[in-house]
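Each remark here refers to the structure printed beneath this line.
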Amino acid sequence: MWNERYAGEGYHFGTAPNAFLASNAARLKPGMSCLAVADGEGRNGVWLAEQGLRVVSVDSSSVAVEKAKALAEQRGVKLDCQLADLTEWSWPEGGFDVVAAIFIQFVGAAGRAQQFANLKRCLKPGGLLLLQGYTPCQLEYRTGGPSQVENLYTAALLREAFAD
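This is the structure we're talking about:
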């Protein structure tokens, strides 16, 4: 599905970073290590690298990973692109100062606890998690995102999941 979505000349979601991610620029420092989860065609990972971060960009689409590599080369930054199914990937323990997880709702409610545990586990102590996801209101807009309410985030769900 994702290879088909990313096929073609252009970039499906463009090459500018996600607005939420960019709004957190002041929290990012050159030299920080960063994991860009489900980074797609690399717009967020490349932007993070442009901020001076050392970025590992992971996605399950081979088409997207190749486009991410091309975008990084075009913009003159280094991006460690990895092709992996994140439900089976060996998440490095305590390896990153920052984890950018933007609209990563690719697992159902049953897999969400493990996904969130993986995000937390790969952060260094005191690390920064930048997580943005769709809420149940997204269903009303009909503009994309998960189509099942149980795959959407609520403030209460996130408070409980990240209470520690």
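With this note's numbering applied, the sequence shown covers 1269 to 1432. We treat Cβ as the ideally placed atom computed from N, Cα and C, and that holds for glycine. Here the structure is a predicted model, which is why all the values come from computation and not from measurement.
Got a sec? Which residues, its chain only, sit under 6 Å from residue i by beta carbon, not counting five neighbours each side?
i       : result
Asn1286 : Asn1312, Ile1370
Just checking my contact of residue i with residue j at CB under 8 Å: how many whole Å lie between their CB atoms?
i       : j       : result
Asn1292 : Leu1398 : 6 Å
Ala1340 : Gly1310 : 6 Å
Tyr1279 : Lys1337 : No, Tyr1279 and Lys1337 are not in contact; Cβ-Cβ is about 13 Å, not under 8 Å.
Ala1349 : Ser1329 : The displayed chain sequence assigns Cys, not Ala, to residue 1349. Going by Cβ atoms, the distance from Cys1349 to Ser1329 rounds to 11 Å, so no, they are not a contact pair.
Looking at the structure shown, is residue i part of a helix, part of a strand, or coil, going by DSSP?
i       : result
Ser1328 : coil
Gln1382 : helix
Phe1288 : helix
Val1366 : strand
Ala1336 : helix
Val1375 : coil
Ala1306 : coil
Lys1388 : helix
Val1323 : strand
Going along the chain, which residues of its own chain have a beta-carbon closer than 8 Å to the beta-carbon of residue i, five neighbours each way excluded?
i       : result
Phe1281 : Gly1308, Glu1309, Arg1311
Lys1315 : Inspection of the sequence shows that residue 1315 is occupied by Trp rather than by Lys. Ala1284, Pro1285, Leu1289, Ala1290, listed in sequence order.
Nearest CA to the CA of residue i: which residue from the options?
i       : options                            : result
Ala1284 : Gly1394, Gln1350, Glu1318          : Glu1318
Lys1297 : Arg1273, Asn1419, Gly1344, Val1323 : Val1323
Leu1420 : Val1375, Cys1349, Phe1430          : Val1375
Leu1396 : Gln1350, Phe1430, Ala1423, Ser1329 : Phe1430
Gln1400 : Gly1394, Pro1393, Phe1384          : Phe1384
Lys1346 : Glu1361, Gly1320, Asp1327          : Gly1320
Kindly indicate if chain C contains any beta-carbon less than 7 Å away from that of residue i.
i       : result
Leu1396 : Included in the structure is just one protein chain, with no chain C present.
Which same chain residues end up closer than 7 Å to residue i when comparing Cβ atoms and leaving out the 5 residues on each side of it in sequence?
i       : result
Trp1359 : Asn1386, Arg1389, Cys1390
Val1331 : Asn1271, Tyr1274, Ala1275
Arg1295 : Leu1396
Say whether the stretch 1295-1309 touches the stretch 1357-1373, bearing in mind that this needs 3 or more beta-carbon pairs closer than 8 Å, one atom from each stretch. These segments touch.
Cβ contact check for the stretch 1378-1392 and the stretch 1355-1362: 3 or more pairs under 8 Å: Enough Cβ pairs lie closer than 8 Å, so yes.
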